[in-house]
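Student:
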Amino acid sequence: HTSVILDCDPGHDDAISIILAASKISPLEIEAITTVAGNVDVERNTLNALRVCDIAGLTDVPVAQGSSKPLLKKMEVAEEIHGETGLEGPALPDEPSKQAVDQHAVDMIIDKVMASDGDITLVPTGPLTNIALAMIREPAIIPKINKIVLMGGGTFGNWTPAAEFNIYVDAEAAKIVFESGVPITMFGLDVTHQALATQETVNRLSAIDHPVSHFVVDLLKFFIRTNQDVFGMDGGPIHDACTVAYLIDPSIFDVHYVHVAIETRGEFTYGMTCVDTRGVTNREPNVNVAYQLDHHRFWNLFEKALKSYSG
Ligand code: BDR
Ligand code: CA
Numbered sequence: 006h007t008s009v010i011l012d013c014d015p016g017h018d019d020a021i022s023i024i025l026a027a028s029k030i031s032p033l034e035i036e037a038i039t040t041v042a043g044n045v046d047v048e049r050n051t052l053n054a055l056r057v058c059d060i061a062g063l064t065d066v067p068v069a070q071g072s073s074k075p076l077l078k079k080m081e082v083a084e085e086i087h088g089e090t091g092l093e094g095p096a097l098p099d100e101p102s103k104q105a106v107d108q109h110a111v112d113m114i115i116d117k118v119m120a121s122d123g124d125i126t127l128v129p130t131g132p133l134t135n136i137a138l139a140m141i142r143e144p145a146i147i148p149k150i151n152k153i154v155l156m157g158g159g160t161f162g163n164w165t166p167a168a169e170f171n172i173y174v175d176a177e178a179a180k181i182v183f184e185s186g187v188p189i190t191m192f193g194l195d196v197t198h199q200a201l202a203t204q205e206t207v208n209r210l211s212a213i214d215h216p217v218s219h220f221v222v223d224l225l226k227f228f229i230r231t232n233q234d235v236f237g238m239d240g241g242p243i244h245d246a247c248t249v250a251y252l253i254d255p256s257i258f259d260v261h262y263v264h265v266a267i268e269t270r271g272e273f274t275y276g277m278t279c280v281d282t283r284g285v286t287n288r289e290p291n292v293n294v295a296y297q298l299d300h301h302r303f304w305n306l307f308e309k310a311l312k313s314y315s316g
C-alpha cells in the first residue's frame, strides 16, 4: 500500500478525491487529512473535511487544521465555485461525529513524515501553504518525503489568464515546494480539464444506489453548474480527483518529466507555473507533469470506486 497525507481545502473536487482515496479499490493508507485556507476559509474547509470523513467512513483518520492564510499574500477564496459552505449541493451533516485533533496541520505533517520510513506521499489539493511551512520549519522532512502528487498549475490559468487557483493563492509557498528537490507529480489544468464531469456523468453515476454515490452526484450537480456559470465550461472538472486516480492507477495518465518554475514577480503572471514542455531552458527537469488522461479508464475507475462502497 501507499501511505498518504491528503492536504486539502474541501471543496467539491477535494471531497471527491478523499472519497476516491477511501474507497475499497484504493490501495492508499490515509495517514491524516490536513486542511488549508483555499476554496473557503480554513475553518469551513476543516468542518467539510470532517463531514466527508463521516460520509466516507473514515472514522480513524485524524483531521488537523492548518494555515489560515497564505505565507505573504492576502487570502483569496473561491466561493463562487464551491458555494457558501465550500461544499454546497448535498445535504451536509451539521455536526460531524468527530473533531479535528488538537495539533496544527504543519506539526502533524512534520511528525508523521519524521516518524515514517520515508514512505509517505503528500497529496496537496489546495494552496501549498502547509507544505511550504512544514519544509521551512523542519527541513529534515525534505529528504524523507517519498514524493508529492499535487493538483495545481498548468500551461494556462483559471484564476488569472496565467495562473491556476491553488498556485495563485500562495505562489510563494508553491515556489518553496517546487524548488525543494522532493519528486513532484503535477496535475495541472491541462489534464484536470479532461476530467470533466457532465450531465452524462451524473446520469451514469446516479445508477449507483448508495449514500456515498448520492453525495457525490449532488456535489457534481452543483459543481457542474457553477463551472458553467463562472467559467463557461461544458461541465465541472474534478481537478483534485486526478491526484488520487493517479495513485490508484498511474497508467491512466500520460506524464512527462520537465522543468517547472513558479512565477512570483510577474505583473500579469504571478502564480504561473512556467512549464518548459519543449525543453527550451536547458534546465534540469524537476517535475513530472501530467498532460493527458484516458477518459474511458478514468471514469471506469471512478465508477468502480463509488460502487465499491456498496459492498
Ligand atoms: C483547484 O482550485 C480549487 O478551487 C479546486 O478545489 C482545485 O483544487 C482548481 O483550480
Ligand atoms: Ca482543492
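For the sequence shown, full-length UniProt numbering gives the first residue as 6, with consecutive numbering after it. Note that CB positions come from ideal geometry on N, CA and C, so glycine has one too. In this text the structure is predicted, and so the values were computed from the model without any measurement.
Which residue spans inside the region 116–159 form an unbroken alpha helix (DSSP H) run of at least 4?
Tutor: Here the runs fully enclosed are 134–142.
Student: Alpha carbons only, please: which of ASP214, ASP223, ALA295 is nearest the one belonging to PRO255?
Tutor: It is ALA295.
Student: Check this for me: beta carbons of LYS152 and PRO188, under 8 Å apart or not?
Tutor: Yes. Within cutoff.
Student: Count Cβ pairs between the region 12–31 and the region 39–54 that sit closer than 8 Å; are there 3 or more?
Tutor: With a cut-off of 8 Å, the region 39–54 and the region 12–31 count as touching, because enough Cβ pairs lie within range.
Student: How would you call GLY284, buried or exposed, if buried means at least 16 neighbouring beta carbons within 10 angstroms?
Tutor: Result: exposed.
Student: Where does HIS215 sit, in a helix, a strand or coil, going by DSSP?
Tutor: Coil at HIS215, not helix or strand.
Student: Whole beta strand (DSSP E) runs in the region 156–231 with 3 or more residues, listed along the chain?
Tutor: Complete beta strand (DSSP E) runs here, min 3: 189–192.
Student: In three-state terms, what does DSSP make of ASN234?
Tutor: Inspection of the sequence shows that residue 234 is occupied by Asp rather than by Asn. In this structure, ASP234 counts as helix in the three-state DSSP scheme.
Student: Just to check, is the beta-carbon of ASN44 closer than 7 Å to a non-hydrogen atom of ligand 1?
Tutor: For ligand 1, at least one heavy atom lies less than 7 Å from the Cβ of ASN44.
Student: Ends of the beta strand (DSSP E) at GLU36?
Tutor: Unbroken beta strand (DSSP E) run through GLU36: 33–40.
Student: Measuring straight from C-alpha to C-alpha, what distance separates GLY158 and ILE10?
Tutor: Looking at the two C-alpha atoms, the distance is approximately 20 Å.
Student: Just checking my contact of LEU133 with GLU169 at CB under 8 Å: how many whole Å lie between their CB atoms?
Tutor: About 12 Å separates the two Cβ atoms, so there is no contact after all.
Student: Does the region 33–47 come within contact of the region 83–103, defined as at least 3 CB pairs closer than 8 Å?
Tutor: At 8 Å Cβ cutoff, the stretches touch.
Student: Tell me where the alpha helix (DSSP H) around SER313 begins and ends.
Tutor: Note, SER313: alpha helix (DSSP H), 300–313.
Student: Span of the alpha helix (DSSP H) holding THR278?
Tutor: Where THR278 is concerned, there is no enclosing alpha helix (DSSP H), although the beta strand (DSSP E) it sits in stretches over 278–280.
Student: Got a sec: does ligand 4 put a non-hydrogen atom nearer than 7 Å to the Cβ of ASP175?
Tutor: Annotation note on ligand 4: not contained in the displayed structure, which lists ligand 1 and ligand 2 as its ligands.
Student: Under a three-way DSSP split, which group does HIS109 fall into?
Tutor: Looking at HIS109 - three-state DSSP - the assignment turns out to be coil, as it is neither helix nor strand.
Student: When the distance is taken between beta carbons, is ILE243 closer than 8 Å to ALA200?
Tutor: Yes.
Student: Among the residues of its own chain, which have a CB less than 7 Å from the CB of VAL222, if the five just before and after it don't count?
Tutor: Contacts found: VAL207, LEU210, SER211.
Student: In angstroms, rounded to a whole number, what distance separates the CA positions of ILE30 and LYS103?
Tutor: If I take the Cα positions, the gap works out to 25 Å.
Student: Would VAL66 and ALA37 be called neighbours here (beta carbons separated by less than 8 Å)?
Tutor: Yes; because the gap between Cβ atoms is below 8 Å, this pair is in contact.
Student: Could you check which residue in ALA27, ASP14, GLY91 has the C-alpha nearest to that of SER8?
Tutor: Nearest of ALA27, ASP14, GLY91 to SER8, Cα basis: ALA27.
Student: Out of curiosity, what's the CA-to-CA distance linking GLU272 and VAL280?
Tutor: Rounded to the nearest angstrom, the two C-alpha atoms are 18 Å apart.
Student: Would you call the CB atoms of GLY276 and ALA176 closer than 8 Å?
Tutor: Taking 8 Å as the Cβ cut-off, GLY276 and ALA176 qualify as a contacting pair.
Student: Is residue 4 near ligand 2, judged by its Cβ being under 7 Å from some heavy atom?
Tutor: Absent from the structure is residue 4, since the part of the chain shown begins at 6 and ends at 316.
Student: With a threshold of 7 Å (Cβ to nearest heavy atom), would THR130 be considered close to ligand 2?
Tutor: Yes, the beta carbon of THR130 sits closer than 7 Å to at least one heavy atom of ligand 2.
Student: Compute the distance between the beta-carbons of THR248 and PHE307, then report whether it is under 8 Å.
Tutor: No; because the gap between Cβ atoms is not below 8 Å, this pair is not in contact.
Student: May I ask you to check if the CB of ASP12 is nearer than 7 Å to at least one heavy atom of ligand 2?
Tutor: Every heavy atom of ligand 2 is 7 Å or more from the Cβ of ASP12, so no.
Student: Determine the direct distance from the alpha carbon of THR286 to that of THR64, and round the result to whole angstroms.
Tutor: Going from the Cα of THR64 to the Cα of THR286 covers about 48 Å.
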